[in-house]
Amino acid sequence: MTSRKKVLLKVIILGDSGVGKTSLMNQYVNKKFSNQYKATIGADFLTKEVMVDDRLVTMQVEMTGYFSKISVIHFHPQVTTKRAQAWCQSKNNIPYFETSAKEAINVEQAFQTIARNALKQETEVELYNEFPEPIKLDRNDRAKPSAETCSC
755 MTSRKKVLLK
765 VIILGDSGVG
775 KTSLMNQYVN
785 KKFSNQYKAT
795 IGADFLTKEV
805 MVDDRLVTMQ
815 VEMTGYFSKI
825 SVIHFHPQVT
835 TKRAQAWCQS
845 KNNIPYFETS
855 AKEAINVEQA
865 FQTIARNALK
875 QETEVELYNE
885 FPEPIKLDRN
895 DRAKPSAETC
905 SC
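Quick note, our numbering runs 754 ahead of the 1-based positions in the sequence shown.
The structure is reproduced here in C-alpha cells:
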C-alpha cells in the first residue's frame, strides 16, 4: 500500500460586501450560521479536513474584506440564474451551485466539487522519483585530507 502525501487545497471566496462570504465559510467549516452581520476587516481563513475520493484533504478556505471596498465604487446589478449559468458554461463548464449558508443548502456539495475538480487537475511530482536512493550525511564519512587533495 503506497502512502500518499497530504493534500492542501486553498480556496479563495470573492464577492461584494455583505453577500455572505464569511457566512458561507463558517457554514462549510463549522456548520454554523449567525444572523448578526459583522464586516470582515482584512482577511480571514478557516481550515477543514475532509475525505475526497479516499484521500485526506485539508481545505484552507480564505476570504478577504478587501473586495468590500470595490463594491462601494461600482454598482453591480443582480445577476440572473440563467446569466450566471451561461457565464459558467462559457468558462469551460465551471460547476454552478446556488447555495444558502443560512439553510445549509448546497454548501457541502459545492466545496466537495471544488476539491474533487482540484484533485483531478493535480499533477503529482514525487521527490523520491528524482532521488530514489537516500542521501546520507555522516560526520564520520568525511574524506580525510591527503597530499593529492591538499590545497596548500
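Don't be surprised by glycine CBs; every beta carbon is placed ideally from N, CA and C.
With C-beta atoms as the reference, is residue i less than 8 Å away from residue j?
i: residue 853; j: residue 800; result: no
i: residue 866; j: residue 806; result: yes
i: residue 817; j: residue 834; result: no
i: residue 815; j: residue 773; result: no
Apply the 10 Å Cβ neighbour rule to residue i and answer buried if 16 or more other Cβ atoms are within range, or exposed otherwise.
i: residue 861; result: buried
i: residue 869; result: buried
i: residue 855; result: buried
i: residue 775; result: buried
i: residue 781; result: buried
Identify the residues that DSSP records as bridge partners of residue i: which are they?
i: residue 799; result: 816
i: residue 786; result: Residue 786 is not bridged to any residue.
Compute the Euclidean distance between the alpha carbons of residue i and residue j, then round it to the nearest angstrom.
i: residue 857; j: residue 788; result: 11 Å
i: residue 839; j: residue 891; result: 57 Å
i: residue 785; j: residue 843; result: 30 Å
Three-pair Cβ contact test at 8 Å for the region 758 to 765 versus the region 808 to 815: yes
The region 765 to 775 / the region 838 to 848 touching (three or more Cβ pairs under 8 Å): no
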